[in-house]
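To start, the structure under review is shown below, and the notes come after it.
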Amino acid sequence: MPRTIMPRTIIEKLWDNHVVHELPGAPSLLFIDLHLVHEVTSPQAFQGLRERGLKVRRPDLHIATADHSIPTSDRSLPIVDPIAANQLAQLEANCKEFGIRCLGVHSDQQGIVHVIGPELGLTQPGMTVVCGDSHTATHGAFGALAFGIGTSEVEQVLATQCLLQRKSKSFQVQVEGTLKAGVSAKDIILALIARIGIGGGTASVFEFTGSAIRALSMEERMTVCNMSIEGGARAGLIAPDDTTFEYLAGRPHAPKGAAWDSAVARWRELATDPGATYDRTVTIDADALEPMITYGTNPGMGVSINEALPKPSEVSDPMARESITKALAYMGLEGGKPLVGHPIDVVFIGSCTNSRISDLRTAAGLLKGRKVNPKVRVMVVPGSQEVKRQAIAEGLPEIFRAAGCEWREPGCSMCIAMNGDQLTPGQYSVSTSNRNFEGRQGKGGRTFLASPLTAAASAITGVVTDVRTLL
Amino acid sequence: MKPFTNFESRMVPLPLNNIDTDQIIPARFLKTTSKQGLDKQLFNDWRYDAAGNPNPEFIINKPESQGVQVLLAGDNFGCGSSREHAPWALTQWGFRAVISTSFADIFKQNSLKNSLLPIEVAADVHAELFAAPAGATVKIDLPNQTLTTPSGRVVTFPVDEFSKHCLVKGVDELGYILEQSPEIAAYEAAHPALINALA
Ligand code: SF4
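So the sequence lines, in the order shown, correspond to chains D and W.
Start counting the first sequence at -9; every next residue gets the next number (our numbering).
Start counting the second sequence at 285; every next residue gets the next number (our numbering).
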């Protein structure tokens, strides 16, 4: 007799494959295949282990790097900020004490934690991946269940390789059609967040599906999954396919030989079964998408580039009206007009959303043979040492420098402004990063989030620009 | 962890939606390697002016907010980063509960691990609390999962069974997971490692 198996989503399959133990009245104990560690959210966790006399259970399943508070200036110089220097030294000391590999300040594999995991082939389909960082969903691009955790959970994973987790709801984001010229992966995710709001995916995991997603490269898929948290979701993922396997093949930690073949066979089983159902689905028409930009102080406050900003007077809910009034006041903007043409001071091309080689190629492609507006400071910050090497091999730093951009060392940089790379009060930036909260890029700084294309176009003109006018 | 007890407190109202963790504690204060002393940076950029002096208009700085244990905030509180520094800063300042209509997932989990109770209420209760006269108090009863509004209305709020048990009994989650070490070992034996990050 044929056995009937309930069709499952990839989210359910990943979950089922990692349940270690379930006790009544408690969340499930889930095994974690890869834990990424960085300097900001780990020191108190290591201290916790020390206080309890615990060891790291599986040092082979953790990797650490320095990214958040690391300077992006010349690495041969000492770090000026003593508090950051202490935090970075602390990371290396903790990793040494607990036997974890650390790609620290002077490693030639250092980089933003969400750039190096995939680059080294550590992130693989079917895994559970965690990090004390909310953008861990980036790794979901490979068909992994990847989510951000707090420091107490960092300590739990270090000590037990497990976490207590409750099942999330499944939320399908179906993107069908073909992106127009000048519209990119970043615009897909900004459009989704503008549509569902920053709390729209709370308690859910996104699965991105549809022809427009299948057509994306791995780096573009990472851009999409990266900002799942900005839609409120715990994680976001994409079922692995040939694009995924091609990207992974030959990477340092990817399986080799016969192990590769059996891994690919296993990975092909992960895709959502026909007939499986989701708790919620939204559909996005890729053909209708325009370049997106945010105008406010959360990533949900986004519009297509030529669209007028909302007027507070048209918002009926009083608390929502208050929030939008406050956001526009902070941003020094008026409702009712589009952002196009608004002067800017800084352009930041970088962050775990858009600092990979294809992002840099895209920006360089537009900047080649052009000059950035002399009033604008343009920072290009590669995501990792590997991205930097590749960019150098392709001659990209020369293009950026000739255009008048700064070419810097890898790290989070002005995405989070912990390392001295920051806006001054009142300055406007067009940034390829993922957060535009008040003060995120420096106290009093004002951030417009956009794609690398929009950022490069705005760098050239000195005002918020629809890239299609320059193509 | 100390057991979480029932209490009554006034509220500090912060009528804004989507208060993110960068507002609760800005990233530049995350270079510390300690959990302590974060209360001083709670809501830093709203709380102090450019010269670093307390802004007397900001609610946290007002005399009537001192000693208050409940924060009343707008929708989707705690969105943004995974920094546990946010609940650390809130509890060190003295908060034991935050009331909102909804919370971001990671913030909620981080709070429950630090004896900060996220209380989700319906929109009408939320509005009633914001409309309550200054100095009015609420009662919070975790074992019964009830909140008593200043008007005496008793509403229930959701908390998952396990988190409630841990809070009320002062159970430490890591200790609980460590007790399952035999099951973890069995899982490991059945699932060879996919990578070796040390190699
Ligand atoms: S680049 Fe920005 S968002 Fe990404 S990990 Fe670094 S600080 Fe976080």
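Yeah, the Cβ is synthetic: ideal placement off N, Cα and C, and Gly gets one too.
DSSP-derived helix/strand/coil call for residue i
i	result
PHE137(D)	strand
MET(-4)(D)	coil
PRO338(W)	strand
GLY359(D)	coil
CYS342(D)	coil
MET212(D)	helix
GLU399(D)	coil
SER423(D)	coil
GLU292(W)	strand
ALA449(D)	helix
PHE387(W)	strand
THR352(D)	helix
THR315(D)	helix
PRO242(D)	coil
LEU44(D)	coil
Below-8 Å beta-carbon distance, residue i vs any chain D residue
i	result
PRO310(W)	yes
GLN325(W)	no
ASP337(W)	According to the sequence provided, residue 337(W) is Asn. The question's Asp does not apply to it. ASN337(W) does not count as touching chain D.
PRO427(W)	no
LEU451(W)	no
ILE461(W)	yes
GLU445(W)	yes
GLU404(W)	no
ILE479(W)	yes
ASP304(W)	yes
GLU457(W)	yes
GLY321(W)	no
Per DSSP, the bridge partner or partners of residue i
i	result
GLN162(D)	GLU197(D) and THR271(D)
ALA357(W)	LEU298(W)
ASP304(W)	CYS363(W)
MET282(D)	SER294(D)
GLN393(W)	None; GLN393(W) has no bridge partner.
THR444(D)	Paired residues: none, contrary to the question.
ALA381(W)	VAL354(W) and LEU401(W)
TYR418(D)	ARG436(D)
MET369(D)	PHE338(D) and GLU396(D)
THR55(D)	LEU93(D)
N- and C-terminal bounds of the alpha helix (DSSP H) containing residue i
i	result
HIS104(D)	103 to 109
PHE446(W)	445 to 453
ILE178(D)	175 to 186
LEU431(W)	Run containing LEU431(W): none in the alpha helix (DSSP H); it sits in the beta strand (DSSP E), 430 to 432.
PRO417(W)	Here PRO417(W) belongs to no alpha helix (DSSP H), and DSSP marks it neither H nor E.
LEU460(D)	Where LEU460(D) is concerned, there is no enclosing alpha helix (DSSP H), given that its DSSP letter is neither H nor E.
GLN80(D)	72 to 88
Other residues of its chain near residue i: CB distance less than 6 Å, five sequence neighbours each side excluded
i	result
ILE274(D)	VAL165
ILE326(D)	Looking at the sequence provided, one finds Gly at residue 326(D) rather than Ile. Cβ within range, chain order: ALA298 and LYS301.
GLY401(D)	ASP57, ILE60 and THR62
CYS405(D)	SER341 and SER423
TYR320(D)	THR287 and GLU428
Contact with chain W by residue i, beta-carbon distance below 8 Å
i	result
THR31(D)	yes
ASP50(D)	yes
SER345(D)	no
SER160(D)	no
GLU2(D)	no
ASN363(D)	no
LYS327(D)	no
GLN80(D)	yes
Opening and closing residue of the beta strand (DSSP E) in which residue i lies
i	result
CYS92(D)	91 to 93
ASP425(W)	421 to 425
CYS363(W)	Per DSSP, CYS363(W) belongs to no beta strand (DSSP E) and is neither H nor E.
ARG256(D)	Premise fails: ARG256(D) lies in the alpha helix (DSSP H), 247 to 258, not in any beta strand (DSSP E).
HIS11(D)	9 to 11
GLY226(D)	225 to 227
PHE327(W)	Segment: none, PHE327(W) is in no beta strand (DSSP E) and carries neither H nor E.
Own chain residues within Cβ distance below 8 Å of residue i, not counting five before or after
i	result
VAL438(W)	THR430, LEU431 and THR432
GLU2(D)	SER160 and ALA266
CYS152(D)	VAL10, LEU19, LEU20, PHE21, ILE22 and GLN146
ALA171(D)	ARG458 and LEU461
SER399(W)	MET285, LYS286, PHE288, THR375, ARG380 and LEU451
7 Å CB neighbourhood of residue i in its chain, flanking five on each side removed
i	result
VAL409(W)	THR433 and VAL439
MET117(D)	ASP23, LEU24 and ALA134
ALA311(W)	none
ASN345(W)	ARG331, PRO338 and ASN339
Closer than 8 Å to chain C by CB, residue i
i	result
LYS86(D)	Looking for chain C here will not work: the only protein chains present are D and W.
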